[in-house]
Amino acid sequence: MTLKIALLGFGTVASGVPIILEQNSEKISQLVQKPITISKILVRDASEKKRLKEQGYDYHFVTDIDEILSDDDISVVVELMGRIEPAKTFITKALESKKHVVSANKDLIALHGKELLDVARQNNVSFYYEAAVAGGIPILRTLATSLVADKITKLLGVLNGTSNFMLTKMVEEGWTYDKALQTAQELGYAESDPTNDVEGIDAAYKLVILSQFAFGMTIDYKDVTHQGITTITPEDVNFAQNHGYVIKLVGSIEETKSGLAVEVSPSLLPEKHPLARVNDVMNAVYLNSIGIGESMYYGPGAGQKPTATSVVADLMTLSNEVASNDQAKLFNNFNRPSKIADLEDNQSAYYFSIALSNGSKAELTEFLKNEGITPKAFVLEKSSSGKNLAMIKTNVITKNQLEQIEQKLQTSTAFQLRNAFRIIGD
Ligand code: HSE
Numbered sequence: 001m002t003l004k005i006a007l008l009g010f011g012t013v014a015s016g017v018p019i020i021l022e023q024n025s026e027k028i029s030q031l032v033q034k035p036i037t038i039s040k041i042l043v044r045d046a047s048e049k050k051r052l053k054e055q056g057y058d059y060h061f062v063t064d065i066d067e068i069l070s071d072d073d074i075s076v077v078v079e080l081m082g083r084i085e086p087a088k089t090f091i092t093k094a095l096e097s098k099k100h101v102v103s104a105n106k107d108l109i110a111l112h113g114k115e116l117l118d119v120a121r122q123n124n125v126s127f128y129y130e131a132a133v134a135g136g137i138p139i140l141r142t143l144a145t146s147l148v149a150d151k152i153t154k155l156l157g158v159l160n161g162t163s164n165f166m167l168t169k170m171v172e173e174g175w176t177y178d179k180a181l182q183t184a185q186e187l188g189y190a191e192s193d194p195t196n197d198v199e200g201i202d203a204a205y206k207l208v209i210l211s212q213f214a215f216g217m218t219i220d221y222k223d224v225t226h227q228g229i230t231t232i233t234p235e236d237v238n239f240a241q242n243h244g245y246v247i248k249l250v251g252s253i254e255e256t257k258s259g260l261a262v263e264v265s266p267s268l269l270p271e272k273h274p275l276a277r278v279n280d281v282m283n284a285v286y287l288n289s290i291g292i293g294e295s296m297y298y299g300p301g302a303g304q305k306p307t308a309t310s311v312v313a314d315l316m317t318l319s320n321e322v323a324s325n326d327q328a329k330l331f332n333n334f335n336r337p338s339k340i341a342d343l344e345d346n347q348s349a350y351y352f353s354i355a356l357s358n359g360s361k362a363e364l365t366e367f368l369k370n371e372g373i374t375p376k377a378f379v380l381e382k383s384s385s386g387k388n389l390a391m392i393k394t395n396v397i398t399k400n401q402l403e404q405i406e407q408k409l410q411t412s413t414a415f416q417l418r419n420a421f422r423i424i425g426d
C-alpha cells in the first residue's frame with residue numbers, strides 16, 4: 001500500500017516535490033513504511049493543465065478541489081499555492097475530510113495557524129509545515145525535538161532569502177536594487193508579490209511561527225514591528241563597514257522580564273557575529289539558550305529543491321505515522337500564555353542617519369543629549385543629494401526613548417531622521 005498524496009499548486013516548490021522523491025528515492029524508500037505517490041495535482045484552470053501537459057508532466061491534473069476532497073484514497077493534501085485564499089478554505093476542507101495536511105504557506109500559518117491547528121486537532125489529523133520557515137533549514141522540527149530540553153532566551157534570524165540575496169549583491173557587487181530584485185525573482189526565491197520579501201513582512205510571518213516553537217508563545221502578527229530593506233542607502237552601508245559592522249535584515253525574538261520583544265529590521269551586526277557571514281540566499285537561525293549557549297542553524301532559505309526537501313520530510317513523517325496508525329500529533333507541544341515585552345524592557349543601541357536641513361551639528365548634539373543619547377560614534381558628511389548627513393552610533397536606549405526621538409524628529413524642521421537601525425551585540 002502507498003501513501004497517496006495530492007498537491008495543491010504546481011509552482012516552483014511543488015514541482016520540486018517529485019524531483020526530490022525521485023532523486024532521493026533509494027534512501028526515502030528505505031525509511032518510509034508506505035511509499036509516497038502523487039495521486040492528483042490541483043491547478044488553476046484548463047489552460048494551466050494544458051501548458052503543464054505540453055511541458056511533459058504526466059500527472060492527473062484537476063481543476064476542482066472536490067475531486068481531491070472526495071477521493072478517499074488520498075490521505076495527505078500538500079498545499080503549496082501560497083497566499084491566504086483559497087488556500088485557507090482548501091486546507092480547512094481537507095482537514096475536515098480527515099486528510100493530513102502539509103504546507104509551506106507561512107503567511108497563512110502566521111495569520112491563521114491557531115485556527116487551522118484547532119481544526120486539525122478536532123479531526124484527529126496532523127498539520128505539518130517544516131518548509132514554511134527558512135526553506136531548507138529543518139529548524140521547526142529541531143526546535144520541537146532536538147532542542148526540547150533547552151530554554152531559549154534569544155533568537156536572531158536571517159529569514160528572507162530574497163532580501164539577503166539582494167543586500168549581498170548590492171553591497172558586494174554594486175548591483176542596483178532593481179537588478180538584484182529581478183535576479184532573485186528569476187531564480188525563484190521571491191514571493192509572487194515581492195513586497196513581502198523586501199518589506200520584512202515575510203520574515204515577520206516566519207518569526208510568528210518561530211516564536212511558537214522556540215518560546216511556546218503564539219504571538220499576534222500585529223505585535224511584530226517590521227521594517228524592510230528599501231530605505232538602506234550606500235551611506236548606511238559605508239558607515240557600517242567603517243565601524244566594523246555588516247547590515248542584514250534580522251528578525252529577532254528576545255525574552256525580557258515582561259515578555260517577548262519581537263521585530264524585523266535592518267540591523268548592524270558585528271563583522272565577527274556568525275550571522276554576519278550569512279550571504280546570498282542563505283538563511284540562518286542563531287540561538288542563545290541556557291543549555292547549549294550559542295548555536296546556529298544555516299542553510300538555503302528559498303529555492304525549489306531545498307524547500308521541497310523540507311516538504312518531503314513532512315511527508316515521510318506522515319507516511320510512517322499513517323502506516324503505524326499513530327494518533328495524529330501536534331507539530332509542536334510547547335504552549336505558554338503569550339506576552340509582549342513592555343517598551344521599557346526592549347533595549348538596544350542604534351545607528352541613526354539624520355539629515356541636517358537647518359540645524360547645526362552642535363544643535364543636533366544638544367538635541368540628542370536631551371534625549372539621553374551619548375553618541376559612541378559621530379560622522380558628518382555630505383550625502384549624495386548634497387545635504388549634511390549625520391551618522392551616529394548611540395548608547396543602549398529603550399524602545400520608548402526611540403519612539404520619542406522619532407516623533408520629535410518627524411515634526412522638526414532642522415533635522416530629518418532618514419534611518420534608525422538596531423545595532424546587535426553592543
Ligand atoms: N520568498 C521567500 C524568501 C521564500 O525569499 O525567503 C521562502 O520563504
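Residue numbers for the sequence shown, in the UniProt record's numbering: 1 to 426. Glycine included, each C-beta is placed from N, C-alpha and C at the ideal position.
| Check | Outcome |
| --- | --- |
| Gly299 in three-state terms, based on DSSP | strand |
| C-beta neighbour in chain D for Val119, strict 8 Å | Looking for chain D here will not work: only one protein chain is present. |
| Any non-hydrogen atom of ligand 1 within 7 Å of Asn160 CB | yes |
| Heavy atom of ligand 1 within 7 Å of Lys106 beta-carbon | yes |
| Near ligand 1: Tyr174 beta-carbon under 7 Å from a heavy atom | Reading off the sequence, residue 174 comes out as Gly, not Tyr. Gly174: no, Cβ never under 7 Å from ligand 1. |
| Spatially closest choice to His273 from Glu255, Tyr245, Gln33, by CA coordinates | Tyr245 |
| Which listed residue (Pro18, Val17, Arg422) has its alpha carbon closest to that of Ser225 | Ser is not the amino acid found at residue 225; the sequence shown has Thr there. The shortest Cα separation from Thr225 among Pro18, Val17, Arg422 belongs to Arg422. |
| contact_flag[the stretch 165 to 183, the stretch 357 to 372] where n(CB pairs < 8 Å) is 3 or more | no |
| Chain-order list of residues whose beta-carbon lies under 8 Å from that of Ser324 (same chain, five-residue window excluded) | Gln33 |
| Reduced DSSP secondary structure (H/G/I, E/B, other) of Gln304 | helix |
| Contact set for Gln410: own chain, Cβ-Cβ below 8 Å, skip 5 residues either direction | Leu417 |
| Every unbroken alpha helix (DSSP H) inside the stretch 204 to 252 [4 residues or more] | 234 to 242 |
| Pair within 8 Å by beta-carbon distance, Val102 and Asp326 | no |
| Counted within 10 angstroms of its Cβ, other Cβ atoms place Leu108 as buried (16 or more) or exposed | buried |
| Simplified DSSP assignment, three categories, for Glu403 | helix |
| Bridge partners - Gln416, DSSP secondary structure assignment | Ala355 |
| C-alpha distance - Ser383 paired with Arg336, whole-angstrom precision | 48 Å |
| Contact under 8 Å by Cβ, Pro306 with Gly56 | no |
| Which residues DSSP lists as bridging Gly293, in chain order | Ser289 |
| DSSP bridge partner residues for Ile340 (one or two, in chain order) | Leu260 |
| Outcome for Asn164 when other beta-carbon atoms lying within 10 angstroms are tallied against a minimum of 16 | buried |
| Cβ-based neighbour list, Glu321, same chain, cut-off 6 Å, excluding 5 preceding and 5 following | none |
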